[in-house]
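Number of protein chains: 2
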Amino acid sequence: MSNIQTVINHAEISCKSHGAKLTNKRKQVLSGLLQSDKARSAYELVEYCREEFGETLPAMSVYRILDFLQDESLVHKLKLANKYIACSHITCDHSHGIVQFLICGNCQSVKEITVDKTSINNLRDTIKKAGFHLLSPQLEISCLCHNCKHQAV
Amino acid sequence: MSNIQTVINHAEISCKSHGAKLTNKRKQVLSGLLQSDKARSAYELVEYCREEFGETLPAMSVYRILDFLQDESLVHKLKLANKYIACSHITCDHSHGIVQFLICGNCQSVKEITVDKTSINNLRDTIKKAGFHLLSPQLEISCLCHNCKHQAV
DNA sequence: ATAAGATATGATATACTGTATCATGGATGC
DNA sequence: GCATCCATGATACAGTATATCATATCTTAT
Numbered sequence: 001m002s003n004i005q006t007v008i009n010h011a012e013i014s015c016k017s018h019g020a021k022l023t024n025k026r027k028q029v030l031s032g033l034l035q036s037d038k039a040r041s042a043y044e045l046v047e048y049c050r051e052e053f054g055e056t057l058p059a060m061s062v063y064r065i066l067d068f069l070q071d072e073s074l075v076h077k078l079k080l081a082n083k084y085i086a087c088s089h090i091t092c093d094h095s096h097g098i099v100q101f102l103i104c105g106n107c108q109s110v111k112e113i114t115v116d117k118t119s120i121n122n123l124r125d126t127i128k129k130a131g132f133h134l135l136s137p138q139l140e141i142s143c144l145c146h147n148c149k150h151q152a153v
Numbered sequence: 001m002s003n004i005q006t007v008i009n010h011a012e013i014s015c016k017s018h019g020a021k022l023t024n025k026r027k028q029v030l031s032g033l034l035q036s037d038k039a040r041s042a043y044e045l046v047e048y049c050r051e052e053f054g055e056t057l058p059a060m061s062v063y064r065i066l067d068f069l070q071d072e073s074l075v076h077k078l079k080l081a082n083k084y085i086a087c088s089h090i091t092c093d094h095s096h097g098i099v100q101f102l103i104c105g106n107c108q109s110v111k112e113i114t115v116d117k118t119s120i121n122n123l124r125d126t127i128k129k130a131g132f133h134l135l136s137p138q139l140e141i142s143c144l145c146h147n148c149k150h151q152a153v
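Chains A and B supply the protein sequences, listed in that same order. Quick note on numbering: the numbering used here labels position 65 of the first sequence as 65, and the sequence is numbered without any gaps. Quick note on numbering: the numbering used here labels position 92 of the second sequence as 92, and the sequence is numbered without any gaps.
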C-alpha cells in the first residue's frame, strides 16, 4: 500500500506526461479522496480543504477540479452516491478496463474490484441481444460492507 | 404489448389486493411513466400532469406518489439518472427477482433486462470474497441504445 | 523584461433533486 | 355527524451541480 505522497507524486508525473498540471489545489482535493476509504461529496471536500489546509475553496472550483481529476483518470464519480473516490490504480502502470465498485449502502465505504472477463462478456452479450451497446462496464453495486452487515438492526 | 389502461387496471387490482389505493393522481403519475420509454424525473412528471391533465401537482406530492409507487413495485428509481421508470412487469403474475436496467447515456431511453442466474451468482461470489454483501442485484448499466450508437458523432 | 495569450481560480447567481414540517382535504367507519 | 386515517397542499430549505463573467497566475514570443 503506497502512502498518499507517493500516489500524488505518481499522479503528478502522469499528468505532466501529457502536458496537464497537477496544481496545489488539485493535489489537495485529490489527497482528500486518497485519505478516505469512503466516497466524499464535493462539499465535503470543500470542508476537508478548509480544515486541513486552511483553504477556502469555492464549491465551483472543487467541481472543476473533480472534472479535471476525472479526465485524468485519477478519480471516479459514483453516481449511485453522488460522491467521488480516488482511483485505486493510480500507481499501476497497466490499464484497468473493467472496474466495479461495491458501495456500502450504510456507511458509504467503497471497494473497487475487478470482475472476471467471462462474466463481463456474458453481460455484454446479453446487452447486445437487447439492442443496446455496453459503453463502459463500470458497475456500481449496492452492498453492505462486512462491518455494517454485522451491526445491522 | 398491453396498452396503458390495461396496465393501470392491473396495477389498481394489485394495490387493492392488500388495501392500498391507486388514486387518480397516482394513476396520472404512473401513466406519465408508462407513456415513455425514457426515464422521467419528478419535475418532468409535474410538467406532464400539468400538460396532460391540467393538474398542478406540487413537486412534493409527486415525490410522495413516486415513493408509494415504488413501495408497490410499480415503479423503479434509476439512481444513475435520478429518474423514474414504470416497472415493465406490472402485468406479469410471477415475481422478477433479478432486474437490470440498460440506460442509454445519450437519450436516456431505458430497457429492463434479466441476466442469467449464473452471472449473478458469480458476481455475488466475487463480492463476498471482497468482504461485501450484495444487497439488491439491481444493476444500472450505462449503454448506448441502437439508435444513438448509429447516430454517434 | 514585458505584453499577449492561455489556463486556473474566484465570485455570484441559479437550476435541479430531494426532504422536513405543518396544514388542509376527503374518504371511511362507528 | 363525528372521529380517524390517509392523501394532498403549501412552504421552507438542504444538497448537488452548472452557467457565466471576472480575476489571477503562468507561459511564451518578442
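The beta-carbon is built from N, C-alpha and C at its ideal position, and this holds for glycine as well. Since this is a predicted model, take the numbers as computed values, not measurements.
Counting C-beta neighbours from all protein chains within 10 Å, is the total for residue i 16 or more, i.e. buried, or is it exposed?
i                 : result
Gly32 of chain A  : buried
Glu51 of chain B  : exposed
Glu47 of chain A  : exposed
Cys145 of chain B : buried
Pro58 of chain A  : exposed
Lys83 of chain B  : buried
Gln151 of chain A : exposed
Ser119 of chain A : buried
Ile127 of chain A : buried
Which residues share a DSSP beta bridge with residue i?
i                 : result
Phe53 of chain B  : Paired residues: none, contrary to the question.
Ala86 of chain B  : B:Val75
Cys143 of chain B : A:Leu134 and B:Cys104
His46 of chain A  : Per the sequence shown, the amino acid found at residue 46 of chain A is Val instead of His. Answer is none; Val46 of chain A lacks a bridge partner.
Glu112 of chain A : A:Phe101
Arg40 of chain A  : A:Tyr84
Are the CB atoms of residue j and residue i within a distance shorter than 9 Å?
i                 : j                 : result
Ser142 of chain B : Glu112 of chain B : no
Ile85 of chain A  : Ser36 of chain A  : yes
Ala39 of chain B  : Gln108 of chain B : yes
Ile90 of chain A  : Leu74 of chain A  : yes
Cys148 of chain A : Gly105 of chain A : yes
Lys79 of chain B  : Lys79 of chain A  : yes
Would you report the Cα separation of residue i and residue j, rounded to the nearest angstrom?
i                 : j                 : result
Val115 of chain A : Asp71 of chain A  : 23 Å
Phe101 of chain A : Val7 of chain B   : 36 Å
Thr23 of chain B  : Thr56 of chain B  : 16 Å
Val153 of chain B : His18 of chain B  : Only weak support exists for where Val153 of chain B lies, its pLDDT of 45 falling under 50; the value from the coordinates is given anyway. Their backbone Cα atoms lie some 50 Å apart in a straight line.
Lys25 of chain A  : Ile103 of chain A : 27 Å
Leu69 of chain B  : Ala20 of chain A  : 48 Å
Glu140 of chain B : Leu139 of chain A : 7 Å
Lys77 of chain A  : Glu44 of chain A  : 14 Å
Lys129 of chain B : Asn122 of chain B : 11 Å
Ile4 of chain B   : Gln28 of chain B  : 11 Å
Gly155 of chain B : Asn9 of chain A   : Coverage of chain B is limited to positions 1 through 153, which leaves residue 155 of chain B absent and any answer about it impossible.
Val157 of chain B : Lys16 of chain A  : Nothing can be reported for residue 157 of chain B: it is not among the residues displayed for chain B, which extend from 1 to 153.
Glu12 of chain B  : Val62 of chain B  : 18 Å
Ala81 of chain B  : Val110 of chain B : 10 Å
Met60 of chain A  : Leu34 of chain A  : 21 Å
Leu134 of chain B : Gly131 of chain A : 27 Å
Cys92 of chain A  : Arg64 of chain A  : 25 Å
Cys30 of chain B  : Ser136 of chain B : Note on identity: in this sequence residue 30 of chain B is Leu, with Cys being the wrong assignment. Cα-Cα distance, rounded: 23 Å.
Asp125 of chain A : Asp125 of chain B : 21 Å
So does residue i have its beta carbon nearer than 8 Å to some heavy atom of the ligand COA?
i                : result
Lys77 of chain A : The ligand COA is absent from the structure shown, which contains no ligand whatsoever.
Q. Along the segment 103-117 of chain A, what residues have a CB closer than 8 Å to any CB found in chain B?
A. Within the segment 103-117 of chain A, those residues whose Cβ lies closer than 8 Å to any Cβ of chain B are, in chain order, Cys104, Gly105, Lys111, Ile113, Val115 and Asp116.
Q. Got a sec: which bits of the segment 128-144 of chain A sit with their beta carbon under 9 Å from any beta carbon on chain B, in order along the chain?
A. Correct list: Lys129, Ala130, Gly131, Phe132, His133, Leu134, Leu135, Ser136, Pro137, Gln138, Leu139, Glu140, Ile141, Ser142, Cys143 and Leu144.
Q | Members of the segment 45-75 of chain B near chain A, C-beta cut-off 9 Å | A | Only those residues of the segment 45-75 of chain B whose C-beta falls short of 9 Å from the nearest C-beta of chain A would be listed, and there are none.
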